[in-house]
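Position 31 of the sequence shown, counting from 1, maps to 31 under our numbering, and the rest follow consecutively.
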Amino acid sequence: MTVTTFANVIARYVFNDNLLWALELTTYLFAWLVIFGASYAVKMTAHLGVDAVALRFSRKTQRILALIAVAACIAYAGMMLYGAWEYWSKFFYKLAFLEVEDVPFPHWIQTLFGLVEDGEPRYERLPRYIPYFILPFGLTLILFRFLQIAVGIFKGDLTMIIASHEAEELVDEARAAHDDTGASGSSPSQGAGR
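And the structure:
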């Protein structure tokens, strides 16, 4: 994505020309980045969440609330996956002839994947089902991550979906590490001048 955008900027401002397909390709790549990023954020518990109320309850109640929350997330991800599959499958099965606006589909790639009929490529431009594939694939990943969290909460390894209090814990750990370093009589800056 960065290389495509950079190449288009150079082509536009240095050579007074542009890559016709660069904007469309960048848009599709950004969509892939966002959906993969959403799945990764679920894995890393990086999504925003409000746990001020949940933290006031006991650990057992927190687990129950977390199971309710993760059930809602699983239901939401499941509905989104169903909608994404319905949308994408139309492009794959019924509308496979539809192509994107500008992004070319090289002949050698079509040959590699068997998309050639009588030696001629089937597509001039990229078929829409390829960039749209991120919808069912990415939402499957998101659903999988929520199922992993549900199993972790059910087994007792986790008590919450998110970790919004993580920053406070990191500050406390850093403070404790700093205090330990000061207590031993050495500081990180003493060895820097050697």
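Even glycine gets a Cβ: it sits at the ideal position worked out from N, Cα and C.
Asked, Found
"Contact set for Phe57: own chain, Cβ-Cβ below 8 angstroms, skip 5 residues either direction", "Leu65"
"Buried versus exposed call for Met79 [16 or more other C-beta atoms within 10 Å across all chains shown]", "exposed"
"Beta-carbon contacts of Val100 that lie in its chain and below 8 angstroms, excluding the five residues immediately before and after", "Glu24, Tyr28, Arg125, Leu126, Pro127, Arg128 and Pro131"
"Whole runs of the alpha helix (DSSP H) within the stretch 90-115, excluding any shorter than 4 residues", "107-112"
"Between the CA atoms of Leu81 and Val103 - distance to the nearest angstrom", "26 angstroms"
"Distance CB(Ile162)-CB(His47) smaller than 8 angstroms", "yes"
"Burial state of Ile109, where buried means 16 or more other Cβ atoms lie within 10 Å", "exposed"
"Simplified DSSP state of Glu120, which is helix, strand or coil", "strand"
"Span of the alpha helix (DSSP H) around Arg145", "Ile134 to Lys155"
"Spatially closest choice to Lys43 from Val171, His178 and Gly138, by CA coordinates", "Gly138"
"Local Cβ density within 10 Å of Leu33, reported as buried at 16 or more and exposed below that", "exposed"
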